[in-house]
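Chains as they are written, first to last, in this note's numbering: chain A, 1 to 253; chain B, 254 to 506.
Just so you know, even glycine gets a beta-carbon here, dropped at the ideal spot from N, CA and C.
Below is one structure, written out as structure tokens; comments come after it.
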């Protein structure tokens, strides 16, 4: 087992969750954020040094983990030392963008992270990738030893599709649950009443083919209900969403 | 405890699930369906008499339960005997449409039902409504005794909004999970890899405010990812859905 000394580049949701688990078996030397206050907050939790200038990264590290938003990655990666092994946590990011590193790879935890909500990382599928098979095996060991989790070797191209499917099924479903809550809030109804329904929906969608699990007015062809629902929605955007997904379900497109 | 003798009008998903539970403590006398083969199938399970003509409903029943699709309700209700207490299981249906009955009400189980998938009915919220408070109390007792479940008194108006919110959060999320599966199927990837992510998404959305739980490229403003995702989707319908929900999340509408 390697003695990991890690720099965390990023102080957001993913960096926070990985960092909190990392310190149970590794040292986190520095935490970088463009905003020093964010680096400070996470460093306080991890016993690390906060920095907002990448030239101050601790050179004793044997692993840099980069967990920042995708649009900021290229500029940050340019400034990182190429001799320290480096992992990028992004979902849609191509390995070829980091070839100038001696050892580099992808470590993408397929999960939704919110800072103050605990996650059992051992249940998270880690999508990994590296050009060098020796380093790829090191990543697998790292995930297994430190996060007690399972790795899945996935190419950049395939990982992009997994990320897309995750956005559509996870991020978008959460937005629809928000909308359901908005509707019930306006009627002074508690949206918790939907919890058993949505949990069963999700479990059913994975226990059987979600096409066969589809229920509701669109699949039954209850057009009078669909018309009423469209009239009840109070924004054009939600009417459009309702109409589009209803057509997808009923096959009328 | 009343000795319930029940006619089931309908032989679909809801009728099947209610029927299977009903026979543990009640008699189901007849099962009606427009298609006799469907009435026969469910009757075989319940030890009932299958009928496809409502004039053959067993008049000894002390409860008729109507579980058919909303668009077929008015025509069927017209043909039902008004002297037998009658419950309608529809989500979007107004109590005033059944006032000519001596005792009638709504019994709407807020759950997604698929025939061959078992459901623990005791976890299901039953939305109930009746004009007569004595009969309303009978419904509450019926739900408690027979289904071991909790009743919620909800007006027709409020129930419509609950139904709408259920369609948006449950039926539509299932369709999005189908879409995620389609994307992964095409890449020969197993969509089960999304299961921990989506379960956490749903649990998080109910443990905290789903607005605060929102993650993904839209809320981070990762526009380059959004552009890539739109290009990866291979139907205009899904591009439209992606664009609309992304705008809802980012507040750009």
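In chain order, which alpha helix (DSSP H) runs of at least 4 residues are fully inside the region 318-393 of chain B? 326-331
Looking at the structure shown, is residue 283 of chain B part of a helix, part of a strand, or coil, going by DSSP? strand
Mind checking if residue 251 of chain A is an interface residue toward chain B, Cβ cutoff 7 Å exclusive? no
Between residue 296 of chain B and residue 290 of chain B, what straight-line distance do the alpha-carbon atoms span, to the nearest angstrom? 10 Å
For the candidate residues B/355, B/302, B/360, whose alpha-carbon lies nearest to that of residue 416 of chain B? B/360
What are the residues of the region 165-189 of chain A that lie near chain B, defined by any Cβ-Cβ distance shorter than 9 Å? 165, 166, 167, 168, 169, 170, 171, 172, 173, 174, 175, 176, 177, 178, 179, 180, 181, 182, 183, 184, 186, 187, 188, 189
Pick helix, strand or coil for residue 7 of chain A, following the three-state DSSP scheme. strand
Starting from the C-beta of residue 506 of chain B, find all residues in its chain whose C-beta is less than 6 Å away, skip the five residues before and the five after it, and write them out in chain order. With a pLDDT of only 45 at residue 506 of chain B, under the threshold of 50, the placement of this residue in the model should not be trusted; the figure read from the coordinates follows. Here the set comprises 500.
Inter-residue spacing [alpha-carbon to alpha-carbon] between residue 357 of chain B and residue 15 of chain A: 57 Å
Is the beta carbon of residue 265 of chain A sitting closer than 7 Å to the one on residue 451 of chain B? Look at the range of chain A in this structure, 1 to 253, and you will see that residue 265 of chain A is not part of it.
Using 8 Å for Cβ pairs, my map puts residue 342 of chain B next to residue 318 of chain B. What's the rounded Cβ distance? 7 Å
Determine whether the Cβ of residue 469 of chain B lies closer than 7 Å to any Cβ atom of chain A. yes
Buried or exposed: where does residue 468 of chain B fall if 16 or more other Cβ atoms within 10 Å of its Cβ makes it buried? buried
Interface residues of chain A around residue 215 of chain B at Cβ under 8 Å? Not covered by the structure: residue 215 of chain B. The range shown for chain B is 254 to 506.
For residue 403 of chain B, the nearest candidate out of B/425, B/388, B/411, B/375 (CA to CA): B/375
So, is residue 109 of chain A buried or exposed, given that buried needs 16 or more other C-beta atoms within 10 angstroms? buried
Residues from the region 92-118 of chain A in contact with chain B, defined by Cβ distance under 8 Å: 92, 110, 111, 112, 113, 114, 117
Please check the pair residue 261 of chain B and residue 285 of chain B, which I expect to be a contact at CB under 8 Å, by giving their CB distance rounded to whole angstroms. 7 Å
Would you call residue 70 of chain A buried or exposed, if buried means 16 or more other Cβ atoms sit within 10 Å of its Cβ? buried
Can you check the region 155-242 of chain A for any beta strand (DSSP E) of at least 3 residues that lies completely inside it and give the ranges in chain order? none
When you compare the CB of residue 446 of chain B with every CB in chain A, is at least one pair closer than 7 Å? yes
Proximal chain A residues relative to residue 266 of chain B, where beta-carbon distance stays under 8 Å: 215
Quick one: grab the DSSP three-state call for residue 503 of chain B. helix
Which chain B residues are close to residue 211 of chain A, counting only those with a beta carbon under 7 Å from its beta carbon? 431
So that I know if they touch, is there some Cβ in chain B lying closer than 7 Å to that of residue 229 of chain A? yes
Euclidean distance between Cα positions of residue 96 of chain A and residue 438 of chain B: 25 Å
By the 10 Å Cβ neighbour count, where 16 or more other Cβ atoms means buried, how is residue 511 of chain B classified, buried or exposed? There is simply no residue 511 of chain B to check, as chain B begins at 254 and stops at 506 in what is shown.
Exposure label - residue 208 of chain A; buried when at least 16 CB within 10 Å: exposed
Excluding the 5 residues flanking residue 114 of chain A on each side, which residues of the same chain have their C-beta closer than 8 Å to its C-beta? 13
C-alpha distance - residue 493 of chain B paired with residue 308 of chain B, whole-angstrom precision: 49 Å
Work out the CA separation of residue 300 of chain B and residue 441 of chain B for me, nearest whole Å. 45 Å
Any C-beta of chain B sitting closer than 7 Å to the C-beta of residue 306 of chain A? A question about residue 306 of chain A goes unanswered here, because the residues of chain A that appear run from 1 up to 253.
Roughly how many angstroms lie between the CA atoms of residue 142 of chain A and residue 68 of chain A, to the nearest whole one? 20 Å
For residue 144 of chain A, which residues from the same chain have a beta carbon less than 8 Å from its beta carbon, with the 5 sequence-adjacent residues on both sides left out? 150, 151
Just tell me which of B/353, B/311, B/304 has its CA closest to the CA of residue 327 of chain B. B/353
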